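Going by the working numbering, the sequence shown opens with residue 4, and the numbers climb by one from there. Backbone N, C-alpha and C fix where the C-beta goes; we use that ideal spot for every residue, glycine too. Just so you know, these numbers come straight off a predicted model, no measurement behind them. One structure is given below, encoded as C-alpha cells.
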Amino acid sequence: MMCTIVLLGYDIAEAKKKPISLEEAIHMALKNNLNIQMADNTKKQAILSTKIDHFRLWAPQVTLKTNQINTWQSKYSIHTIESRPIFSVEWQLTSLFDKILQAKIDGQNNALYILVAKKSVENELQKVVYAYYALALAQKKWALSNNLIKLATTRLNTEEEKLRVGLISQIDCLDAQLALKKVKLTLLERQEALKEKRRSLNIMVGKPINEVTWVQSNISIDPIWDIKAVRKEKLVDLDTAIQAKKVAIAATHLSRAKAYPLACLNLFSSFRSNGYLYDLKDKRWSVDNNPSKWSGGIGISIDIATLLLLPATVKKAKIALDNEKFALTQKKLAIEGGLEDKKSQYHHALHAYKVVAAQLKISKQKLTFVREKYRLNRLKLLELHEAEEDTQKIEIDLIEQAFKVKQAEFDLYRMVGMLHQ
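This is the structure:
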C-alpha cells in the first residue's frame, strides 16, 4: 500500500506542471521538428541547385586563349622584338529559345518544391495534432484510474471495518481487496501508455524524450476555426496543387519539344588583342598600329537525329501531358467528393459525442443511487464496483469520441489549407 501511495504522490507532483496548449505544441514543432526542418532544407537545396543551373544555363561559353609569338628583327641597325597577340576571347550563346523554355521549367519546378515542402510540413503537423490529443486521452485515463484507486482504497477500509463488527462476511472483504488490485493493475498499464504517448509527442516537438510533458486533458469539441467557412470553392488541397504544377511542367516540356527547330540558333562572337612591339634602341614597348579585332555572328547547328525524331518526341511529350491531366482530373473529383465525406464524418462524430455525453450524464445519476444503496447496505460491493467501472468506461468513451471529433475537424482544415497557413 505504501508503494502505491508514493507512486501516486510522484505522478500527482508531475501533474502540477503547466500543461502546454495545442497552439504551443504546433509552434514548437514548426521550430524544432526534425522532419519539418529536413523538408525545409530539402526545398532550399532544390531551389539553390536550380539557381546554380539557371546561371550556368544563361552564362555564355567563354574561351580565353593566351598566345605569344616573339619575332627578332634586325634591319637598318634597328633591332626589335615583336610579340603578338597577347590574348584572345571567344564566347558563344547557344539555343536561345531552348534556354527560355528551360528557365520557365526551372521556375515551375521551384514552385513545385515549395508545395512539396508544404505537404511534408502539413503531414507532420497532422501527426503532432494526433499525438497531442492521444496524450490528452492517456492523461485522462490515468487520472480516472487514480480516482478509482482512491475510491477502492476507501471502500476496502470500510469493508474491513464492517467485517470487524460482523456486518459482512470475509468474502465481501476479499472482493474489496480484489477490486483494489484490479484497479492498481489498470493504473500501471495506463501509466505506461501515458509515458509512451508523452515520448511520442516529445520527439515531434523537439523536447527531450523523457521530459515530463503535460497537455490540456479536457478536449474541447469547439472548432478552432469556423467550420462553416469550409466551402468547395476554397479547396486548396496540396495534392491537387502539386499535380496542377506537374501539368504545367509537362505542358512546357511539350512546347520545348515543338520548338526544337528554333532552338538550333546560336550566337557567337570573339575579340583579338593588338600585338605589342619592343624597341631595343629606345628600350620601350609600343602598341602595334593594327587595331584590335572583334567579330560576331549567328549560326545554326542542327542535330539531324534529333530533328528526324522530332515527331516521336512531340508525341511522347503529348502523352506525358495527357497522363498528368488525367491524374489532375482524378484528384479534383476525389477532393470534391472527399470534402462532403469529411463534412459528414465531422458532423457524425459531433453527434456521436453528444449521444455519449448524454449517456454519461445518465450513468452518473445511476451511480449516485447505487452508492446510496451501498451505503445503506442494500447493495453489494461488487455491484457498486461494476457501476463505477461502467461510468468510467463511458467517461473514456466520451474523451475518445472528442478525439475523433478533433481528427475529423483537422481533416477538414487540411482540405482548405488552414493547417499550413
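Please list the segments of the alpha helix (DSSP H) lying wholly inside the stretch 143 to 219, counting only runs of 4 or more residues, in order along the chain.
Fully enclosed alpha helix (DSSP H) runs of 4 or longer: 173 to 208.
So who's on the other strand from Ile-222, going by DSSP bridges?
Mapped onto the sequence shown, residue 222 falls at position 219. Looking at the DSSP assignment, Ile-222 forms no beta bridge with any residue, so it has no partner.
Mapping DSSP to helix, strand and coil, what is Ile-23?
Indexing the sequence shown from 1 puts residue 23 at position 20. In this structure, Ile-23 counts as strand in the three-state DSSP scheme.
Compute the distance between the beta-carbons of His-57 and Asp-109, then report whether it is under 9 Å.
Indexing the sequence shown from 1 puts residue 57 at position 54. Indexing the sequence shown from 1 puts residue 109 at position 106. The answer is yes: Cβ separation under 9 Å.
For the stretch 172 to 189 and the stretch 144 to 152, state whether three or more C-beta atom pairs, one from each stretch, are separated by less than 8 Å.
These segments touch.
If Ile-39 and Val-124 are in contact, beta carbons under 8 Å, what's the gap, nearest whole angstrom?
The residue you call residue 39 lines up with position 36 of the sequence shown. The residue you call residue 124 lines up with position 121 of the sequence shown. At roughly 5 Å, the Cβ-Cβ gap stays under 8 Å, so Ile-39 and Val-124 are in contact.
Return the CA-CA distance between Lys-335 and Ala-120, expressed in angstroms with no decimal places.
Taking the first residue of the sequence shown as 1, we reach residue 335 at position 332. Taking the first residue of the sequence shown as 1, we reach residue 120 at position 117. Spanning the two alpha carbons is a distance of roughly 21 Å.
For Asn-36, does the three-state DSSP call read helix, strand or coil?
The residue labelled residue 36 in the question sits at position 33 within the sequence shown. Asn-36 falls in the coil class under three-state DSSP.
Can you tell which of Glu-27, Lys-165, Leu-128 and Arg-259 has the C-alpha that lies nearest to the C-alpha of Val-317?
Position 314 of the sequence shown holds residue 317. The residue with the shortest Cα to Cα distance from Val-317 is Arg-259.
Which residues bound the alpha helix (DSSP H) around Ser-439?
Past the edges of the chain, shown from 4 to 424, lies residue 439, and the structure says nothing about it.
Decide if Asn-380 is buried, meaning its Cβ has at least 16 other Cβ atoms within 10 Å, or exposed.
Looking up residue 380 in the sequence shown gives position 377. Under this definition Asn-380 is an exposed residue.
Tell me whether the stretch 341 to 355 and the stretch 404 to 414 touch, counting them as touching only if at least three CB pairs, one residue from each stretch, are closer than 8 Å.
Cβ pair count under 8 Å is three or more, so yes.
Considering Cα atoms alone, identify which of Val-373, Ile-117, Tyr-133 and Lys-47 is closest to Ala-405.
What you label residue 405 is simply residue 402 of the sequence shown in a count that begins at 1. Closest option to Ala-405, Cα to Cα, is Tyr-133.
Helix, strand or coil for Leu-104 per DSSP?
Along the sequence shown, one-based indexing puts residue 104 at 101. The answer is helix: DSSP assigns Leu-104 an H, G or I state.
Would you call Leu-257 buried or exposed, if buried means 16 or more other Cβ atoms sit within 10 Å of its Cβ?
Within the sequence shown, residue 257 is the residue found at index 254, counting from 1. Buried, because 16 or more other Cβ atoms sit within 10 Å of the Cβ of Leu-257.
Which word fits Asp-325, buried or exposed, when buried means at least 16 other C-beta atoms lie within 10 angstroms of its C-beta?
Along the sequence shown, read from residue 1 onward, the residue named residue 325 stands at position 322. Answer is exposed; the Cβ neighbour count stays below 16.
Would Ala-262 and Asp-101 be called neighbours here (beta carbons separated by less than 9 Å)?
Start at 1 with the first residue of the sequence shown, and residue 262 comes out as number 259. Start at 1 with the first residue of the sequence shown, and residue 101 comes out as number 98. The answer is yes: Cβ separation under 9 Å.
By a C-beta neighbour count over all protein chains shown, 10 Å radius and 16 as the cutoff for buried, is Asn-160 buried or exposed?
Taking the sequence shown and counting its residues from 1, the one referred to as residue 160 is at position 157. It is exposed - the Cβ of Asn-160 has fewer than 16 other Cβ atoms within 10 Å.
For Lys-21, count neighbouring C-beta atoms within 10 Å of its own C-beta (all shown protein chains included) and say buried if the count is 16 or more, exposed if not.
Here residue 21 is taken as the residue at index 18 of the sequence shown, counted from 1. Per the 10 Å Cβ criterion, exposed.
Report the rounded CA-to-CA distance for Leu-115 versus Ala-247, giving the unit in angstroms.
Position 112 of the sequence shown, counted from the start, is the residue given in the question as residue 115. Position 244 of the sequence shown, counted from the start, is the residue given in the question as residue 247. Cα-Cα distance, rounded: 9 Å.
Measuring alpha carbon to alpha carbon, tell me which of Ala-337, Ala-315 and Ala-42 ends up nearest Glu-449.
Nothing about residue 449 can be reported from this structure: the residues present for the chain run from 4 to 424 only.
Since Gly-209 contacts Lys-369 with CB under 8 Å, what's their CB separation in whole angstroms?
Within the sequence shown, numbered from 1, the residue matching residue 209 stands at position 206. Within the sequence shown, numbered from 1, the residue matching residue 369 stands at position 366. Wrong, their Cβ atoms sit about 46 Å apart, outside the cutoff.
State the DSSP-derived secondary structure class of Leu-387, mapped to helix, strand or coil.
Looking up residue 387 in the sequence shown gives position 384. The answer is helix: DSSP assigns Leu-387 an H, G or I state.
On a Cα-Cα basis, can you pick out the residue from Leu-204, Ala-137, Ala-179 and Glu-195 that is closest to Ser-220?
For the purposes of this step, residue 220 is taken as the residue at position 217 of the sequence shown. When each option's Cα is compared against that of Ser-220, the closest is Ala-137.
Considering only the beta carbon of each residue, do Lys-144 and Leu-197 sit closer than 9 Å?
Locating residue 144 in the sequence shown gives position 141, where the first residue counts as 1. Locating residue 197 in the sequence shown gives position 194, where the first residue counts as 1. Yes, the Cβ-Cβ distance between Lys-144 and Leu-197 is below 9 Å.
Just to confirm my understanding: we take Leu-2, look at its own chain, exclude 5 residues before and 5 after, and list those with CB closer than 7 Å. What are they?
Because the chain is modelled from 4 through 424, residue 2 falls outside the range shown and cannot be assessed.
Using only CA atoms, which one of Lys-54, Ser-91, Tyr-135 and Glu-327 lies nearest to Ser-272?
Position 269 of the sequence shown holds residue 272. Answer by Cα proximity: Ser-91.
Using the rule of at least 16 other Cβ atoms within 10 Å of the residue's Cβ for burial, across every protein chain shown, is Val-359 buried or exposed?
The residue given as residue 359 occupies position 356 in the sequence shown. With 16 or more Cβ atoms within 10 Å of its Cβ, Val-359 is classed as buried.
Where does Ile-117 fall in DSSP's three states?
On the sequence shown, residue 117 is found 114 positions in, with the first residue counted as 1. Ile-117 falls in the helix class under three-state DSSP.
Once the 5 residues before and after Ser-203 are set aside, which same chain residues still bring their CB inside 8 Å of it?
As a working note, residue 203 is residue 200 in the sequence shown. Taken in chain order, the residues that qualify are Ala-134, Ala-137 and Leu-138.
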